[in-house]
Amino acid sequence: MTTLIGQNTGKWLLLPTVVLLTAGCERVNTLVGPNKLRGKILFQTRSNHYSQLLFLYPDDPGNLRRVVITQTLEYAPRWAPDGRKIAFLSDREGQLGLYRLYLMEANGTNVQPLFDPVRHPEGDLEFSWAPNGNHIALIRSQNNRRQMLIVDTRTLDRQLVLSALPNRFYLDWSPDGSQIALISNDPRNPEGAFLQLLSYPDLTLRTVDVGYKEVTFPRFSPDGKQLAFLAHPNPASTTFQLFVADTQTFHARQISHLDGGIPLPGPISWAPDGHHIIFSTPGTNVFIPSFRDLYSIDINGRELSRLTFNPDDDLAPDWTAHD
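The sequence shown begins at 3 in my numbering and counts up one residue at a time.
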């Protein structure tokens, strides 16, 4: 029986994994889910009327729990490295279009701001935890420019490390803490968005060529040896597919071949086993790209597993190994 903290929606079902033996992957209409995978998957679901954060157990898919539901917008949740807390962005201050970084317990209680309203009047956009749990890499918006900072979660001090231009997007901190992957997009550059790595703590920035254009949403594997991302598979494409690159050579290979591609990309997440990646893409609502469901795919591109079947928009998954 599905257990929710709050109102039971009765809309969530999951069934065993489906294995696809062909090179191309079509969206599956049967509800499926990965088996024998531990931990919890946190994600955001939203409609025209509400936004809520939920998590599910991949080894007990009927046990779905709601973390928080409000009339404000909560999005981009990320587990703390120890799985005990959740950082997320919210407009709960009530200023239209202004989002701030918050922290709460894993059960949705004790919500605390990770900013000082006097010292930090700007809005927060994207972030990633340091593996030690004491710092967060953060993109803020100031004067319509994106800047990157390091936030001390204990003191709330913010260190500016990258200023605009170019604009910075979609951070991910490596598991060993030595570098941060990010996307840079300079409007003066006709090549579009490109992948960069910022070493830490010496803050040396370098650009990485993975052989594809419009790279977005990079995410390190749990062992740091691979980097997953979304990109256009060819210059003529207007949709995205999922790729994995070796972090030594940055030779990339395409692992998803979804019919129709991923029209509206969003954050991705690795499973703790390092062999599966979760992403969001339209399910039965193929012609409404803003209505997405969560899928898991193995890094060989053969197992495509559907995790949610929901009339709302499911996105921004984050998988922790901690139960």
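Where a beta carbon is used, it is the ideal one built from N, C-alpha and C, also for glycine.
### Query
Just how far apart, CA to CA, sit Gln161 and Tyr172?
18 Å
#### Entry: Pair within 7 Å by beta-carbon distance, Pro269 and Ala318
yes
### Task
Could you pull out every unbroken beta strand (DSSP E) segment of at least 3 residues lying fully inside the region 130-194, listed in chain order?
The beta strand (DSSP E) runs of length 3 or more contained entirely in the region 130-194 are, from start to end of the chain, 137-144, 147-154, 160-164, 169-175 and 181-187.
#### Entry: Ser92, enclosing beta strand (DSSP E) - first and last residue
Lys87 to Ser92
### Message
By the three-class DSSP mapping on this structure, what secondary structure does Arg294 have?
### Response
DSSP places Arg294 in strand when its eight states are reduced to three.
### Query
If you draw a straight line from the alpha carbon of Arg29 to that of Arg156, how long is it in whole angstroms?
Residue confidence is low: Arg29 scores 47 on pLDDT, short of 50, so the model does not pin down where it sits. No coordinate-derived value is stated.
### Task
Mind reading off the beta-carbon distance from Thr249 to Lys227? Whole number of angstroms is fine, and I expect it under 8 Å.
6 Å
### Query
If you count every other CB in all the chains shown that lies within 10 Å of the CB of Asp253, and 16 or more means buried, which is it?
Reading the sequence as shown, one finds His at residue 253 and not Asp. By the 10 Å Cβ count, His253 comes out exposed.
### Cβ distance (whole Å) where Leu91 is taken to contact Asp118 below 8 Å
Incorrect: roughly 16 Å between the Cβ atoms, too far for contact.
### CA nearest to the CA of Thr240, picked from Ile264, Thr218, Phe45 and Pro224
Ile264
### Query
Which one of Ser49, Ile301, Leu266 and Ser298 has the shortest CA to CA distance from Pro284?
Leu266
### Message
Which residue marks the beginning of the beta strand (DSSP E) containing Ile280, and which one marks its end?
### Response
His278 to Pro284
### Message
Taking CB distances under 7 Å as the criterion, tell me whether Gln46 reaches chain C.
### Response
Within the model displayed, chain C is absent; a lone protein chain is all it includes.
### Query
Are Lys87 and Leu105 closer than 7 Å when you measure CB to CB?
yes
### Task
Classify His331 as helix, strand or coil using the three-state DSSP reduction.
Here the chain covers residues 3 to 325 and nothing more, so residue 331 does not appear.
### Query
What whole-angstrom Cβ distance do Leu44 and Asp320 have, given they're in contact under 8 Å?
That belief holds up - the Cβ atoms of Leu44 and Asp320 are roughly 5 Å apart, short of 8 Å.
#### Entry: Identified DSSP bridge partners for Glu128
Ile141
### Query
What does a CB cutoff of less than 6 Å around Gln144 pick up in its chain, not counting 5 residues either side in sequence?
Glu124
### Task
Please report how far the alpha carbon of Asp300 lies from the alpha carbon of Ile279, in whole angstroms.
6 Å
### Task
Express the C-alpha separation of Pro224 and Ala273 in angstroms, rounding to a whole number.
8 Å
### Message
Could you tell me the alpha carbon to alpha carbon distance between Pro203 and Leu184, rounded to whole angstroms?
### Response
So the alpha carbons of these two residues sit roughly 15 Å apart.
### Query
Relative to the C-alpha of Asn187, which residue among Arg68, Arg147 and Asn134 is closest?
Checking every option, the nearest Cα to that of Asn187 belongs to Arg147.
### Query
Applying the criterion that 16 or more other CB atoms from any shown protein chain within 10 Å of the CB defines a buried residue, is Arg80 buried or exposed?
buried
### Task
Closer than 8 Å by C-beta to Ser180: which residues in its own chain qualify, once you throw out the five before and the five after it? Chain order, please.
Ser201 and Tyr202
### Query
Do you know offhand how far Ala326's Cα is from Gly303's?
Shown here, the chain extends from 3 to 325; a query on residue 326 therefore has no answer.
### Task
Would you tell me roughly how many angstroms separate the C-alpha atoms of Thr2 and Arg94, rounded to the nearest one?
Summary: the structure shown does not reach residue 2, with the chain confined to residues 3 through 325, and so no result is reported for it.
### Task
Mark Ser130 as exposed unless 16 or more other C-beta atoms lie within 10 angstroms of its C-beta, in which case mark it buried.
Answer is buried; the Cβ neighbour count reaches 16.
### Query
The beta strand (DSSP E) spanning Pro79 covers which residue range?
Glu76 to Trp81
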